[in-house]
Structures are given as structure tokens and as C-alpha cells.
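First comes the structure, then the notes that go with it.
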Amino acid sequence: MGHLDHASFGWLTPVLSYAMACTGAALGLRCTVRALGATGRARRNWLLAAASAIATGIWTMHFVAMLGFGVSGTEIRYDVPLTILSLLVALVVVGAGVFAVGYGRGRGRALALGGLTTGLGVASMHYLGMAALRLHGSVRYDPMLVALSVAIAVVAATAALWAGLNIKSPVAVVGASLVMGGAVSSMHYTGMLAVSVRVSPSATALPGAAVMQFVFPLAVGLGSYLFVTSAFVALSPTAREREATAAAQRPVGSTAH
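In case it helps, the numbering used here puts the sequence shown at residues 4 to 260.
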């Protein structure tokens, strides 16, 4: 059995991955708040931004954490198509969950459906990302811990969507995003605890890309997207601010006809 190291860079990757999850959650919540206060095309665009932020945060969290993953006795590489597929799965299923909540008529039913869909999608993203691993040996999973990680993903996703519907103030959003980031990180590391590797030493070159050749640049790029989008959302006026500006620009004494 190969010895698994989940933090080969010390606390750097767990802390940085948690920060990515929190940033994506906070941005997603703020975009959802904006969406629920908008109509038509504006609501759709804010929901798309929310879904991309949450999905990007979760995916980046996973692969930043994987930068610190190592197995004694074998190098690790990543299958590029599967890695990209895991990102696309995250975007699609998180989008489905966010839109179910954003347009759902029955709030409770939409929340349950959206939370289940998004949670299962997050878990699928995680295990697709793990399926992209290429190493000299075989990977096995503890079924109970896998089931627990999926349950955590569903609960975390439901809580995130509930927060998007019910939490409005920036301070509350920050608190909720810290909790949600912790839940996403817990799901990841619970899933990683389920992993065991039986190493089969070999001199054969592994297929796929090394982590620093592909995963690291992609994670940096997506992380940059999160921070740039966060700045845009923070600087864009809310619906209330737009109404206040419009009211201030009306001529004194004018009335609506």
C-alpha cells in the first residue's frame, strides 16, 4: 500500500483551497441576491454568474487541495479530458440547481430539488477529478466514507441555495460563505479519506499531464476569474442603489404619468 500524503506542502494547500471555496460561495451568494431582485434577462445573467462562481470555487478548491496530494512509490499525472469534464459537470449541475431556485415557484420544493441536484453534481465533479488520476497502481474507495462525502455535498449544496434565498446583508453573506467553504472542504477531505492506493512499481511512463503543467495553471486562471468577478460584483450597483440614483435624477416636483 502506498502512503498517502494529503498536504505535502503543509497547511498551504488546505488553507488556500478553503479560501477558494469561500470566495466562490460568497460571490455566488451575492450574485443570487442580485438575481432575486432582478427580472428578465438581468435575472438570468446574475444566475449564470452565481452558478459559474460557485462551480468554479468548488472545482478550484478540489484541485488546489490536490496540489498537495502525493503517493509514495509513484508519480501522479492527470488525464486532461476527464479533468476538463469534471469542471463542465460542476458548471452544468450547479447551474441547474441555481436556476431551479431562481425560477422555482414552490420555494421548498425548488430548494430540495436544487440542493439534491447540485450536491450530487459536486460529488460527481470530485470523483470524476479523482478518476482523472494516473499513477502506478490501483485506487480503491471505502464505500461508507464515499456515501458520507456525498451526503455532506448534498447538505452543503442545499445550505448554499437556502442562504442564497434568505440571506441578504453582506455581513451575513460573509458568515454563510465561511460555513459553506468549510462544508465543501469537509466533503473533499472526507472523500480523500476514503481513498487507498495499492502501488505497483513500474518504469513505464504515465500518460496524462503533470500537475504543474496543467492543473496548476488552470486553477490559477479560474482563481483569478473569481477575484476579478468579485471586484465587478462589489462595484456594480444594487437594484436599490439604481432606484435611489434614478429618484435623485428626477426633476423636483415631477410626477409619474
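Backbone N, C-alpha and C define an ideal beta-carbon position, used for all residues, glycine too.
None of the values given here were measured: they were computed from a predicted structure.
Closest by C-alpha distance to residue i, when choosing among the options
i, options, result
"C24", "V125, T120, G107 and L7", "Checking the sequence shown, residue 24 turns out to be Ala, not Cys. Of the listed residues, the one whose Cα sits closest to A24 is V125."
"V95", "L51, V67 and V200", "L51"
"A135", "L151, I79 and A103", "I79"
"F219", "R47, A22, M69 and L15", "M69"
"R201", "S152, A154 and R143", "R143"
"V67", "V223, V83 and A163", "V223"
"T161", "T193, G122 and S141", "G122"
"M64", "G31, P17 and S55", "P17"
"S199", "D145, L225 and A154", "D145"
"V153", "G194, F102 and L168", "G194"
"A208", "R110, G140 and M190", "G140"
"Y192", "L88, S55, A150 and A206", "A150"
"G40", "L88, I170 and G226", "I170"
Residue j beta carbon less than 8 Å from that of residue i
i, j, result
"V157", "L119", "yes"
"A138", "T86", "One detail in the question is off: residue 138 reads as Leu in this sequence, not Ala. The answer is no: Cβ separation not under 8 Å."
"I61", "M128", "yes"
"A53", "T42", "no"
"A197", "L148", "yes"
"G73", "G100", "no"
"A38", "R46", "yes"
"Y81", "G211", "yes"
"M183", "A159", "yes"
"H9", "S75", "no"
"R59", "Y228", "For the record, residue 59 in the displayed sequence is Thr; it is not Arg. Yes, the pair counts as a contact, with Cβ atoms nearer than the cut-off."
"L90", "T232", "no"
"V236", "L168", "no"
"W165", "L114", "yes"
"S189", "L32", "no"
"F12", "G98", "no"
"A163", "A28", "yes"
Secondary structure of residue i, DSSP reduced to three states
i, result
"G100", "helix"
"A247", "Note that A247 scores a pLDDT of 49, beneath 50, so its modelled location is shaky; the value from the coordinates is reported in the next line. In this structure, A247 counts as helix in the three-state DSSP scheme."
"S203", "coil"
"V223", "helix"
"L136", "strand"
"S89", "helix"
"T42", "coil"
"L209", "coil"
"V214", "coil"
"L50", "helix"
"G76", "coil"
"L70", "coil"
"H260", "Because H260 carries a pLDDT of 49, less than 50, the predicted location of this residue cannot be relied on, and no value is offered for it."
is_contact[residue i, chain C] using C-beta, thresh 8 Å
i, result
"P204", "Absent from the structure: chain C. Only one protein chain is present."
- Determine contact between the segment 213–231 and the segment 167–176, defined as no fewer than three beta-carbon pairs at a distance below 8 Å. no
- Query: What runs of the alpha helix (DSSP H), each 4 residues or longer, lie entirely inside the segment 131–175?
  - Reply: As far as the segment 131–175 is concerned, its whole alpha helix (DSSP H) runs of at least 4 residues are 146–169.
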